[in-house]
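*Asks:* Numbering that gives the first Met the number 0 numbers the first residue of the sequence shown as 0 and each following residue consecutively. From the three backbone atoms N, C-alpha and C, an ideal C-beta is built for every residue, glycine too. None of the values given here were measured: they were computed from a predicted structure. My structure is below; once you've seen it, I'll send some questions.
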Amino acid sequence: MSRLKSAHDLSGLMKYMGRALWDEMMDEMLFAHLGPACEATDLEPDDIFDVIGDHWQGQLWGCAFEDLLTQELEPEGLNLVDEYLKRRGWNEKAPNKAYMRALRDTVMSL
């Protein structure tokens with residue numbers, strides 16, 4: 000029996016994010032989220048990940064990733080979700096595309 004992709008499968012989007020522009024933006028977003036902790040502890044982001052362990056590393060990375068999905072890059076106003084769906088959306092199921100669009104329109108909050 001084959002395993003079906005869930006409507007929350009972001010693996011294609013994450014793979015697409017590995018492209019140069021988006022990979023660089025993800026690094027910047029991680030630093031934006033971890034910068035205060037890095038400055039307070041005099042550690043680099045990778046060192047913080049080593050200290051907090053895999054579970055919390057995944058949580059922090061996911062938070063920065065979801066924040067990146069909401070960003071529009073100047074001056075063109077590029078958005079990772081929009082660019083991915085324009086180029087690779089044909090390969091995604093409708094519920095998955097809807098989930099990505101919903102993430103794009105979210106607001107970071109606690």
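1. L67 and M24: beta carbons closer than 8 Å?
2. Using the C-alpha atoms, what's the distance from D41 back to F30?
3. What whole-angstrom Cβ distance do R103 and G11 have, given they're in contact under 8 Å?
4. For A63, does the count of other Cβ atoms within 10 angstroms reach 16, so buried, or fall short, so exposed?
5. To the nearest angstrom, report how far apart S1 and K92 are at their CA atoms.
6. Of all the alpha helix (DSSP H) runs that stay within the bounds of the region 34 to 94, which reach a length of 4 or more residues?
7. How many Å lie between L9 and A97 at the Cα?
*Replies:* Looking at the atomic coordinates:
1. yes
2. 13 Å
3. The Cβ separation is near 15 Å, so there is no contact.
4. buried
5. Since pLDDT at S1 reaches only 49, below the 50 mark, its modelled position is unreliable, and no value is offered.
6. 44 to 51, 53 to 69 and 79 to 87
7. 12 Å
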